[in-house]
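K.L.:
Residue numbers (my numbering), protein chains in the order written: chain P, 7 to 455; chain U, 927 to 1053; chain D, 24 to 540. All residues carry an ideal CB built from backbone N, CA and C; glycine is no exception.
1. Tell me the residue span of the alpha helix (DSSP H) that contains residue 386 of chain D.
2. Going by the CB atoms, is the gap between residue 936 of chain U and residue 1030 of chain U shorter than 8 Å?
3. My understanding is that residue 86 of chain P touches residue 345 of chain P, with C-beta atoms under 8 Å, so please give their C-beta distance in whole angstroms.
4. What is the DSSP secondary structure of residue 242 of chain P, reduced to helix, strand or coil?
5. In angstroms, rounded to a whole number, what distance separates the CA positions of residue 463 of chain P and residue 147 of chain P?
6. Only counting runs of 3 or more residues, tell me where the beta strand (DSSP E) segments fall wholly within the stretch 387 to 423 of chain P, in order along the chain.
7. With distances taken between CB atoms, is the gap from residue 245 of chain P to residue 217 of chain P smaller than 8 Å?
8. With a threshold of 8 Å on Cβ separation, who are the neighbours of residue 5 of chain P within its own chain once the five nearest residues in sequence on each side are excluded?
9. Distance, Cα to Cα, residue 314 of chain P vs residue 267 of chain D?
10. Taking Cβ-Cβ distances shorter than 8 Å, what residues in chain P pair up with residue 587 of chain D?
11. Hey, out of P:406, P:225, P:397, whose CA is closest to residue 382 of chain P's CA?
12. Mind checking residue 470 of chain D: buried by the 16 CB within 10 Å criterion, or exposed?
13. If contact means a Cβ-Cβ distance below 7 Å, which residues of the stretch 401 to 426 of chain D contact chain P?
14. Just to make sure I have the definition right: I need the residues of chain U whose C-beta is within less than 9 Å of the C-beta of residue 524 of chain D. Which are they?
15. Using a Cβ-Cβ distance under 8 Å, would residue 365 of chain D count as near chain A?
16. Look up residue 205 of chain D in the DSSP assignment and give the residues it is bridged to.
17. Taking only the alpha-carbon atoms, compute the straight-line gap between residue 441 of chain D and residue 423 of chain D and give it to the nearest angstrom.
18. Start and end of the beta strand (DSSP E) containing residue 250 of chain D?
19. Quick check on residue 358 of chain D: buried or exposed, where buried means 16 or more other Cβ atoms within 10 Å of its Cβ?
20. Do residue 122 of chain D and residue 100 of chain P have their C-beta atoms closer together than 8 Å?
21. For chain D, find out if any of its Cβ atoms is closer than 8 Å to the Cβ of residue 970 of chain U; answer yes or no.
22. Between which two residues does the beta strand (DSSP E) containing residue 184 of chain P stretch?
23. Using the beta-carbon of each residue, which ones in chain U are nearer than 9 Å to residue 528 of chain D?
24. At what residues does the beta strand (DSSP E) containing residue 431 of chain P begin and finish?
25. By Cβ distance, which residues of its chain are closer than 8 Å to residue 80 of chain P, with the 5 residues on each side in sequence left out?
26. Contact defined as beta carbons within less than 8 Å: I believe residue 220 of chain P pairs with residue 166 of chain P. What is the distance between those atoms, to the nearest angstrom?
27. Please report how far the alpha carbon of residue 38 of chain D lies from the alpha carbon of residue 393 of chain D, in whole angstroms.
28. Roughly how many whole angstroms lie between the Cα atoms of residue 487 of chain D and residue 367 of chain D?
29. Does the distance from the CB of residue 254 of chain D to the CB of residue 281 of chain D come in under 8 Å?
30. Does residue 504 of chain D get closer than 8 Å to chain P when you measure Cβ to Cβ?
31. To the nearest angstrom, report how far apart residue 156 of chain D and residue 289 of chain D are at their CA atoms.
32. Between the alpha carbons of residue 418 of chain D and residue 981 of chain U, how many angstroms are there, rounded?
33. Return the CA-CA distance between residue 957 of chain U and residue 939 of chain U, expressed in angstroms with no decimal places.
34. Applying the 10 Å Cβ sphere with the 16-neighbour rule, what's the burial state of residue 169 of chain D?
35. Where in the stretch 16 to 93 of chain P do unbroken runs of the alpha helix (DSSP H), each at least 4 residues long, occur, reported from the N-terminal end onward?
36. What distance in whole Å lies between the Cβ atoms of residue 241 of chain P and residue 83 of chain D, which are believed to be in contact at a cut-off of 8 Å?
Structure representation (structure tokens):
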């Protein structure tokens, strides 16, 4: 077996050194009743070319030549090639968690840089070294607010990603924390601030909103913050599309920002691994879950980096830990760091503006098809928009597929009140010709009707 | 380091001195030595209630956290704010660096605590 | 001619230069560029007009560098890291095995890497088949009946597993109050139990470091939800009374949860489902070779017995059968034929533990590993892992104290008792090991051993590397006797010496800030 660096002779030699007659001696402690005396019923050992063929075939079945308007929490952006060139270096790829700082300064410095960039982008003071993803990050942020305020209620906007809200419900189900949901304004697709005002009390630990929200609409963060803070609640802003921060103002009034950084150079990979991160104001740092890297000096005065504030974490606090998180997403955080370095200060703005332009064109073209209505026009958007069609999405989506285009996500499964509504996303990789083709396909349905 | 004879002690390694119904609480030399360099003290707020033998906060070193157990029942009248920026004072002068001051609800609780000799015997047995 | 400054070899290493490198922000200069976007094929927009008050006026303070500086920056940083590709990691319970490169290659295949999670099922059959096959293989390996791949890491899997436990108890009318956890357990175990609303009750280990059956029998009652066990234990010892442990629990209606961190000792030789485990998690980034990447991503599938299947996180992967009936594929009763799709109608599910379906990129890698091994490869892997650990044990037991004499499986735990007599602790020995070219072993864990040295070589180490490790440990033991200061002040050969963790915790500096001049 090619991953095992032993010859049969060496195995014999080692057994002898141990004083065992056969390898089975070393498994003798396992009661005979359940020792496995047969081969595992799994596929036979494949040669490397067979492995590649198997996955290539699977990739083909997945179809690679479709253009896509899918967004909704996972975004297709161009990944600069230097990302893989660097993260595939064995010293990054096959290195362990940097508990032994003297021999992991590479990882530690890169994480410190990541923390800095996230703080800069989000307008917060500190950021952690990553969480599993945006959905668990949002849940952990709510729990954090509960710890900080000592309160037990949260108000959650319906315009937060539906799956994020499901995850939150799962995380809260066995703790003394109740959530109430508030709806959105029909015209703008933004959080209903009136309802928010009524829902927030002095028992509210946190208000959780997403911006740009699930409909692609940018929320009025200052107004929401005021309502939350008036009653002593914390404002948590969840960001599912990190690239938006290139051109959308950061939610500086928030107390905690939970972000999904997948857009920063992490492949879609059918939903994972992604890259969550939590950032917060300075005074909450000791309640932050997850790893933190801090700057310090060594005994000779050299600058160095270490994991710090470890007493928050499971390996010390055990049942009193701020979270049970151990492994995080270090390698994908590194991808994000490299992505942000490649684009840099000006590039992030330009990239975001390209996204804005593509989506503006797509929204305009697709909604100019008679019978297709652009919802939520009353508020600013980033690169997603909601289209309501007279024709049922089931009908035109198949026509689009025939043109090798995947249309927007149907919203009725989460927002049954929005009939025939779909969520469309156009990033910088979306081609004009795809948008034009899609508009034609949508229009075709009406001609027949 | 000698253990002041006018203090009383708990088995969780806190010390307390009392004057005019106000108890001054800190941790012992034994405690600070076991913990190592202290980096943070999580203390209650003025006005909080504390209960004898129950936790009222914690002390952190780089690699460990230790709960603080109150020697007495009462309400917190003062908190040592300087520990926010200089937690290392506890390491340097553990018996002079107080953490909280408590207005005692029941002065007789003093009698239940270990005196210096009993505490020294207790820690000798622990080791 | 003799060298003016000696190039000294210590163990398997000799000094070599590594480039210095500042923070990426320190190399930034306005106007430097590393990107170029293609020209817009749609009309430009006025962002401030479109966004109004939501427009970002000031760009984020990200660095501006050229491409070569970026390549040099991160390449230099990488050279400061130790990694499996460089040498052995003796870290106990981490299973630092070789990360096969074909895994990286296949996970980047376009149709898989670029698949959006909401793409229509008809366009996702390739990736869904991969998930289905991986589920099947993991069920066979664990001897369980149903599985979810949703959790993102081991701790996340533990959380999911205990949620299943709780849901089942609730369905029987009593959630119960406590979870028993051995004092040798990993810190995520009690943290997880607390998060699920359970009280944690410690179970003291017996004199051999295993579960004390009498204590267990005394402590298990009708309010016990489960025992969380690691098998082999964190001492690397197989709990050979495991069936009896399961009986004691089941008799009181409690469940047995197994932390699968140490599966590297069991794969192909014995199956947890066969010895009484009701629910367990796996760590794909340990046993199944997906890379650690400096701390993640991982993946923590949870496998369970049939009676817990209804509670699995939603959605589950299902295959439409010819009869129009649905059969969960994370389930032994599945039939062939029909399209794969995600089933959301699961009324008893504990809910979702994350958005989308799981760390698919890691599923691809883990499956590639399983396919590269086959049944014989997996068995041989386990055997070599156990062989390697026992070899190290034999070669070091005369110099390092063994707190428990029970047989070791894939990892061995020593204590620093002998060296502590000279004032040298496990942490110091670990740091000195760095000077010999190795990453330290796991220090001071499990907590039941004073000054623990937990060593797990994995099957990926050749006899040569093992012997070098043994030589290094023996040399250090000698140094402890003769020149203890050398060990206490180690490491001496790294880019940085021991870092001031105290100041880092007292006055945390968690980001770079531009200096105000």
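P.N.:
Considering the structure as presented:
1. The residue given as residue 386 of chain D occupies position 363 in the third chain. 383 to 419 is the extent of the alpha helix (DSSP H) around residue 386 of chain D.
2. What you label residue 1030 of chain U is simply residue 104 of the second chain in a count that begins at 1. What you label residue 936 of chain U is simply residue 10 of the second chain in a count that begins at 1. It is not a contact, given that the beta carbons lie outside the stated cut-off.
3. As a working note, residue 86 of chain P is residue 80 in the first chain. As a working note, residue 345 of chain P is residue 339 in the first chain. Right, the Cβ-Cβ distance comes to about 7 Å (below 8 Å), so this counts as a contact.
4. Here residue 242 of chain P refers to the residue found at position 236 when the first chain is read from its first residue. Strand.
5. Outside the displayed span of chain P (7 to 455) sits residue 463 of chain P, for which this structure offers no information.
6. 390 to 395
7. Stepping through the first chain from its first residue, residue 245 of chain P is reached at position 239. Stepping through the first chain from its first residue, residue 217 of chain P is reached at position 211. Result yes, Cβ atoms of residue 245 of chain P and residue 217 of chain P sit closer than 8 Å.
8. Residue coverage of chain P in this structure runs from 7 to 455, which leaves residue 5 of chain P outside it and unanswerable.
9. As a first step, residue 314 of chain P is located in the first chain; it is residue number 308 there, counting from the start. As a first step, residue 267 of chain D is located in the third chain; it is residue number 244 there, counting from the start. Taking the straight line from one Cα to the other gives about 42 Å.
10. The structure shown does not extend to residue 587 of chain D, since chain D is modelled only from 24 to 540, so the question has no answer here.
11. What you label residue 382 of chain P is simply residue 376 of the first chain in a count that begins at 1. Looking at the Cα atoms, P:225 is the closest of the given residues.
12. By 1-based counting over the third chain, the position of residue 470 of chain D is 447. Exposed: under 16 other Cβ atoms inside 10 Å.
13. 401, 403, 404, 406, 407, 409, 410, 413, 414, 417
14. By one-based count along the third chain, residue 524 of chain D stands at place 501. Chain U residues near residue 524 of chain D: 963, 965, 988, 989.
15. The structure shown has no chain A; the protein chains it does contain are P, U and D.
16. Position 182 of the third chain, counting from 1, holds the residue named residue 205 of chain D. DSSP, once it has assigned bridges, lists D:226 as partnering residue 205 of chain D.
17. Within the third chain, the letter at position 418 stands for residue 441 of chain D. Within the third chain, the letter at position 400 stands for residue 423 of chain D. Spanning the two alpha carbons is a distance of roughly 7 Å.
18. What you label residue 250 of chain D is simply residue 227 of the third chain in a count that begins at 1. Where residue 250 of chain D is concerned, the enclosing beta strand (DSSP E) stretches over 247 to 253.
19. Within the third chain, the letter at position 335 stands for residue 358 of chain D. Residue confidence for residue 358 of chain D is low, a pLDDT of 49 falling below 50, so the modelled location carries little weight and cannot support an answer.
20. As a working note, residue 122 of chain D is residue 99 in the third chain. As a working note, residue 100 of chain P is residue 94 in the first chain. Cβ atoms of residue 122 of chain D and residue 100 of chain P: closer than 8 Å.
21. Translated into positions along the second chain, residue 970 of chain U becomes position 44. Output row for residue 970 of chain U: interface = no.
22. Position 178 of the first chain, counting from 1, holds the residue named residue 184 of chain P. Start and end: 184 to 188.
23. Sequence index remark: in the third chain, residue 528 of chain D carries index 505 (1-based). Within 9 Å Cβ-Cβ: 963, 965, 966, 986, 987, 988.
24. The sequence position of residue 431 of chain P within the first chain is 425, counting from 1. Start and end: 427 to 431.
25. Reading the first chain from its first residue, position 74 is the one you call residue 80 of chain P. Cβ within range, chain order: 268, 274, 277, 280.
26. In the first chain, the residue the question calls residue 220 of chain P occupies position 214. In the first chain, the residue the question calls residue 166 of chain P occupies position 160. Residue 220 of chain P to residue 166 of chain P, Cβ: 7 Å. Contact.
27. Here residue 38 of chain D refers to the residue found at position 15 of the third chain. Here residue 393 of chain D refers to the residue found at position 370 of the third chain. For residue 38 of chain D and residue 393 of chain D, the distance between alpha carbons rounds to 38 Å.
28. Position 464 of the third chain, counting from 1, holds the residue named residue 487 of chain D. Position 344 of the third chain, counting from 1, holds the residue named residue 367 of chain D. Taking the straight line from one Cα to the other gives about 52 Å.
29. Taking the first residue of the third chain as position 1, residue 254 of chain D is located at position 231. Taking the first residue of the third chain as position 1, residue 281 of chain D is located at position 258. Yes, these two residues count as a Cβ contact at 8 Å.
30. In the third chain, residue 504 of chain D corresponds to position 481, counting from 1. False, the Cβ-Cβ gap to chain P never drops below 8 Å.
31. Walking along the third chain from the start, residue 156 of chain D turns up at place 133. Walking along the third chain from the start, residue 289 of chain D turns up at place 266. Cα to Cα, residue 156 of chain D sits roughly 21 Å from residue 289 of chain D.
32. Taking the first residue of the third chain as 1, we reach residue 418 of chain D at position 395. Taking the first residue of the second chain as 1, we reach residue 981 of chain U at position 55. Their Cα atoms are separated by approximately 47 Å.
33. Within the second chain, residue 957 of chain U is the residue found at index 31, counting from 1. Within the second chain, residue 939 of chain U is the residue found at index 13, counting from 1. Spanning the two alpha carbons is a distance of roughly 6 Å.
34. The residue labelled residue 169 of chain D in the question sits at position 146 within the third chain. Residue 169 of chain D should be labelled buried.
35. 54 to 67, 87 to 93
36. As a working note, residue 83 of chain D is residue 60 in the third chain. As a working note, residue 241 of chain P is residue 235 in the first chain. Contact doesn't hold; Cβ gap of about 20 Å is too wide.
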